[in-house]
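Report on the following structure.
In the UniProt record's numbering, the protein residues as written are 1 to 287.
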């Protein structure tokens, strides 16, 4: 699998990210199989968070044989320095490592959260100190708000941004365009999540009864052409790498088709397919 430059980090990463939710709740044996598959396919970037159930524990065990050969990204849900320090130490323990290649402020949702993070006693104190100590190599953010993400990038020279770069919300609401543009202008590593998402779940019952109960939104499934077009769309927005939904079926689908998507950009026919599908989902955006 070819590798791609992650912004100005100096990292050469796989164009597909292994999201830790793939390992969540499926048991240690399954996680070990998933990770072995990923490694064999050339995946070298793994991302996880404390909020992903037992994913840190399971992924940490699965990655033990490979830690020195991969990039490991983790996150903090905390906004205060003291809380973040405790969470960071717990993540190190669970993931059997003493450093993270990328560490991200996770799920920034409001300006109030951002202000807290940058205030005296805020999480930025902890992660900047840890970076100075060499235990956090690069710093990033994850976000679902363009306004908050753009402001964060103004306040600090983050190395990466993990953001929804999804065909549906971009075509329907132009969501993601500004952050993708800002990241590219600053040569910030751009990681596109929600790549293979189709629409919002109709209700919790649909989610529970589906093959994807771990997914917060309904993934594209059973439609190869649509899935490939969706991946190509995220890449066309400038993503350095894509993050499939947190289930093995979606992950392996993207792995199987990523070379095709990189070698053959989105065609007019595929764009028309996405336009047609957008009309079909009729505003049921995942976000």
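Cβ atoms here follow ideal geometry from the backbone N, Cα and C, with glycine treated the same way. Note that the structure is a prediction, hence the values are computed from the model and not measured.
Worksheet item: If you check the beta carbons only, do residue 123 and residue 78 fall under 7 Å apart?
Response: As a position in the chain shown, residue 123 is number 123, starting the count at 1. As a position in the chain shown, residue 78 is number 78, starting the count at 1. In contact: residue 123 and residue 78 (Cβ atoms closer than 7 Å).
Worksheet entry | C-alpha gap between residue 129 and residue 9, whole angstroms | In the chain shown, counting from the first residue as 1, residue 129 sits at position 129. In the chain shown, counting from the first residue as 1, residue 9 sits at position 9. Approximately 19 Å, taken between the alpha carbons.
Worksheet item: According to DSSP, what are the bridge partners of residue 73?
Response: Counted from its first residue, the chain shown places residue 73 at position 73. 47 and 102, per the DSSP bridge assignment.
Fill in: Segments assigned alpha helix (DSSP H), at least 4 residues, entirely inside the stretch 70-158
81-94, 111-118, 123-132 and 146-155
Worksheet entry | Contacting residues, own chain, Cβ-Cβ under 8 Å from residue 109 (five flanking each side not counted) | Numbered from 1 along the chain shown, position 109 holds the residue referred to as residue 109. Here the set comprises 143, 144, 145 and 148.
Fill in: Expected contact under 8 Å - CB spacing of residue 274 and residue 167 to nearest Å
Locating residue 274 in the chain shown gives position 274, where the first residue counts as 1. Locating residue 167 in the chain shown gives position 167, where the first residue counts as 1. Indeed, because the Cβ distance is near 5 Å, the residues count as touching under 8 Å.
Worksheet item: So residue 13 and residue 44 are in contact, right, with Cβ under 8 Å, and what is the actual spacing, rounded?
Response: Residue mapping note: residue 13 aligns to position 13 of the chain shown, counting from 1. Residue mapping note: residue 44 aligns to position 44 of the chain shown, counting from 1. Correct: roughly 6 Å between the Cβ atoms.
Fill in: Endpoints, beta strand (DSSP E) assigned at residue 190
For the purposes of this step, residue 190 is identified with residue 190 of the chain shown, where counting begins at 1. Segment 189-193, the beta strand (DSSP E) holding residue 190.
Worksheet item: Can the beta-carbon of residue 189 be found less than 7 Å from the beta-carbon of residue 240?
Response: Residue 189 sits at position 189 when you count from the first residue of the chain shown. Residue 240 sits at position 240 when you count from the first residue of the chain shown. For residue 189 and residue 240, yes; Cβs fall inside 7 Å.
Item to complete: Return the chain-ordered list of same chain residues with a C-beta closer than 7 Å to the C-beta of residue 265, the five sequence neighbours on each side being excluded.
Response: The count along the chain shown starts at 1 and reaches residue 265 at position 265. Cβ within range, chain order: 232 and 236.
Worksheet item: For the beta strand (DSSP E) that residue 257 lies in, which residues bound it at each end?
Response: Sequence index remark: in the chain shown, residue 257 carries index 257 (1-based). No beta strand (DSSP E) contains residue 257, which is instead part of the alpha helix (DSSP H) from 248-263.
Item to complete: Please classify residue 219: does DSSP put it in a helix, a strand, or coil?
Response: Walking along the chain shown from the start, residue 219 turns up at place 219. DSSP places residue 219 in strand when its eight states are reduced to three.
Fill in: Coil, strand or helix - residue 266 by DSSP
As a first step, residue 266 is located in the chain shown; it is residue number 266 there, counting from the start. If DSSP states are grouped into helix, strand and coil, residue 266 belongs with coil.
Discussion item. Between which residues of its own chain and residue 19 is the CB-CB distance below 6 Å, once the five residues before and five after are set aside?
Written reply: Sequence index remark: in the chain shown, residue 19 carries index 19 (1-based). These residues qualify, in order along the chain: 47, 243 and 246.
Practice prompt. On a CA-only basis, which of 187, 223 and 177 is nearest residue 197? Give me that one, please.
Written response: To locate residue 197, count along the chain shown from 1; it is residue 197. Comparing alpha-carbon positions, the option among 187, 223 and 177 lying closest to residue 197 turns out to be 223.
Worksheet item: Exposed or buried, what is residue 199 when buried is set at 16 or more other beta-carbons lying within 10 Å of its beta-carbon?
Response: Residue numbering aside, residue 199 sits at position 199 when the chain shown is read from its first letter. Result: buried.
Worksheet item: If you drop the 5 nearest sequence neighbours on each side, which residues of the same chain put their C-beta closer than 7 Å to that of residue 213?
Response: Position 213 of the chain shown holds residue 213. Here residue 213 has 207 as same chain residues with Cβ atoms under 7 Å from its own Cβ, once five neighbours each way along the sequence are excluded.
Discussion item. Assuming the contact rule is C-beta atoms closer than 8 Å, residue 94 and residue 60 should be a hit. Round their C-beta distance to whole Å, please.
Written reply: Counting from 1 along the chain shown, the entry for residue 94 is found at position 94. Counting from 1 along the chain shown, the entry for residue 60 is found at position 60. 5 Å between Cβ atoms; contact.
Worksheet item: By how many angstroms is the C-alpha of residue 140 removed from the C-alpha of residue 132?
Response: Residue mapping note: residue 132 aligns to position 132 of the chain shown, counting from 1. Residue mapping note: residue 140 aligns to position 140 of the chain shown, counting from 1. Rounded to the nearest angstrom, the two C-alpha atoms are 15 Å apart.
Worksheet item: Cα-Cα, which of 112, 56 and 34 is closest to residue 76?
Response: By 1-based counting over the chain shown, the position of residue 76 is 76. Comparing Cα-Cα distances from residue 76 to each of 112, 56 and 34, the minimum goes to 56.
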